[in-house]
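Novice: What follows is a structure written as structure tokens; I'll ask about it next.
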Amino acid sequence: MRCAPVHRDAGEESSPDRRDWSRLPPLPPIVLARIVHVLCIVLWIGGVAFVTTVLIPAVRALPAGAQQIELFERLESRFALQARVTTVLAGGSGLYMLYAMEAWSRYLDPGFWWVHLMTCVWLAFTVVLFVLEPLFLHRRFIAAAKRDSERAFRLLQRMHWLLLTLSVVAIVGAVGGTRGFLRG
Ligand code: HEM
Numbered sequence: 000m001r002c003a004p005v006h007r008d009a010g011e012e013s014s015p016d017r018r019d020w021s022r023l024p025p026l027p028p029i030v031l032a033r034i035v036h037v038l039c040i041v042l043w044i045g046g047v048a049f050v051t052t053v054l055i056p057a058v059r060a061l062p063a064g065a066q067q068i069e070l071f072e073r074l075e076s077r078f079a080l081q082a083r084v085t086t087v088l089a090g091g092s093g094l095y096m097l098y099a100m101e102a103w104s105r106y107l108d109p110g111f112w113w114v115h116l117m118t119c120v121w122l123a124f125t126v127v128l129f130v131l132e133p134l135f136l137h138r139r140f141i142a143a144a145k146r147d148s149e150r151a152f153r154l155l156q157r158m159h160w161l162l163l164t165l166s167v168v169a170i171v172g173a174v175g176g177t178r179g180f181l182r183g
């Protein structure tokens, strides 16, 4: 389709192609849910990527000791709230989209492997952030880092790489899958 060229003089008050925002239809809830979903994924998985590729390697490069653990704790704990809020909103908006599209049957179709993967990644993070960390994982990590910090941070980095890789595959699958590619 050809678009008409736009000519606009400097200081022109109203031009025929200028949008009248008040006349736009209201934002459908499913579009809003998609916006929330994608924004949360950016803030959440982007943060996980930063922790994995920047923060942990930088902390590992420091001399082992209390300072190393304290710095990691201070920086990572700032991300913890962001991760929790975005995880809840991403899961809520994702489940809402499935409900609104009446698309629960995707869970029964292997061609929608990326919906399974998105849900598994979300479940893994939810269990770690809301169950394992508050219960014992955090305390165990500090104790392990005090004993042998190199080993503890190496293991932590591996776990982050695993979750980050699965998240990236889920994002590729979701973006390709919603446009009809990558169906098994
Ligand atoms: C309970 C967990 C989740 C559910 C139920 C869910 C569900 C959905 C649904 C229904 C869509 C729209 C699909 C369509 O329009 O056909 C979507 C889009 C998307 N999801 Fe998820 N999701 C979840 C978690 C995640 C996670 C953990 C990631 C990333 C790691 C993710 C990444 C995306 C992306 C990037 C899109 C946008 C695709 C696009 O429009 O280009 N989702 N999700």
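FYI, numbering that gives the first Met the number 0 numbers position 130 of the sequence shown as 129, with every residue one higher than the one before it.
For every residue, glycine included, the Cβ atom is placed at its ideal position computed from N, Cα and C.
1. Could you tell me if the beta carbon of M96 falls within a distance shorter than 7 Å of some heavy atom in the ligand HEM?
2. R22 lies in the alpha helix (DSSP H); which residues open and close that run?
3. Given that a residue counts as buried once 16 or more other Cβ atoms are within 10 Å of its Cβ, and exposed if not, what is G179?
4. Anyone know if the C-beta pair for A99 and W121 falls short of 8 Å?
5. What first and last residue would you give for the alpha helix (DSSP H) that runs through Y106?
6. Nearer than 7 Å: is that true of the beta carbon of W121 relative to any heavy atom of the ligand HEM?
7. Tell me which same chain residues have a C-beta within less than 8 Å of the C-beta of L54, skipping the five on either side of it?
8. Where does R153 fall in DSSP's three states?
9. Within 10 angstroms of the Cβ of S148, are there 16 or more other Cβ atoms? Answer buried if so, exposed if not.
10. Just curious, the alpha helix (DSSP H) that M96 is in, first and last residue?
11. State yes or no: is the C-beta of G90 nearer than 7 Å to some heavy atom of the ligand HEM?
12. Is F180 helix, strand or coil when you go by DSSP?
13. Let's see if you can read the secondary structure: which residues bound the alpha helix (DSSP H) around L116?
14. Identify the continuous alpha helix (DSSP H) that holds A143 and give its terminal residues.
15. Between the region 92–108 and the region 23–36, do three or more beta carbon pairs fall short of 8 Å?
16. If you follow the alpha helix (DSSP H) that L38 is in, where does it begin and where does it stop?
17. With the cut-off set at 8 Å, would you say L136 and V127 are in Cβ contact?
Specialist: In short, the structure shows the following:
1. Within the sequence shown, numbered from 1, the residue matching residue 96 stands at position 97. A heavy atom of the ligand HEM is found nearer than 7 Å to the CB of M96.
2. By 1-based counting over the sequence shown, the position of residue 22 is 23. Element bounds for R22: n/a, residue is neither H nor E.
3. Numbered from 1 along the sequence shown, position 180 holds the residue referred to as residue 179. By the beta-carbon neighbour count (other beta carbons within 10 angstroms, threshold 16), G179 is exposed.
4. One-based indexing of the sequence shown puts residue 99 at position 100. One-based indexing of the sequence shown puts residue 121 at position 122. No. Outside cutoff.
5. The residue labelled residue 106 in the question sits at position 107 within the sequence shown. Run containing Y106: none; DSSP gives neither H nor E here.
6. Taking the first residue of the sequence shown as 1, we reach residue 121 at position 122. Yes.
7. Numbered from its first residue, the sequence shown carries residue 54 at position 55. These residues qualify, in order along the chain: F71, L74 and E75.
8. As a first step, residue 153 must be located in the sequence shown, where it is residue number 154. It is helical.
9. Along the sequence shown, one-based indexing puts residue 148 at 149. It counts as buried.
10. Reading the sequence shown from its first residue, position 97 is the one you call residue 96. For M96, the uninterrupted alpha helix (DSSP H) run begins and ends at A65 to A99, by DSSP.
11. The count along the sequence shown starts at 1 and reaches residue 90 at position 91. Within the cutoff, so yes.
12. The count along the sequence shown starts at 1 and reaches residue 180 at position 181. Coil.
13. Here residue 116 is taken as the residue at index 117 of the sequence shown, counted from 1. Here the alpha helix (DSSP H) through L116 covers W112 to V126.
14. The residue you call residue 143 lines up with position 144 of the sequence shown. For A143, the enclosing alpha helix (DSSP H) has its first and last residue at H137 to R146.
15. With a cut-off of 8 Å, the region 23–36 and the region 92–108 count as touching, because enough Cβ pairs lie within range.
16. Locating residue 38 in the sequence shown gives position 39, counting from the first residue. In the DSSP assignment, L38 falls within the alpha helix (DSSP H) that extends over P28 to F49.
17. To locate residue 136, count along the sequence shown from 1; it is residue 137. To locate residue 127, count along the sequence shown from 1; it is residue 128. Going by C-beta atoms, L136 is nearer than 8 Å to V127.
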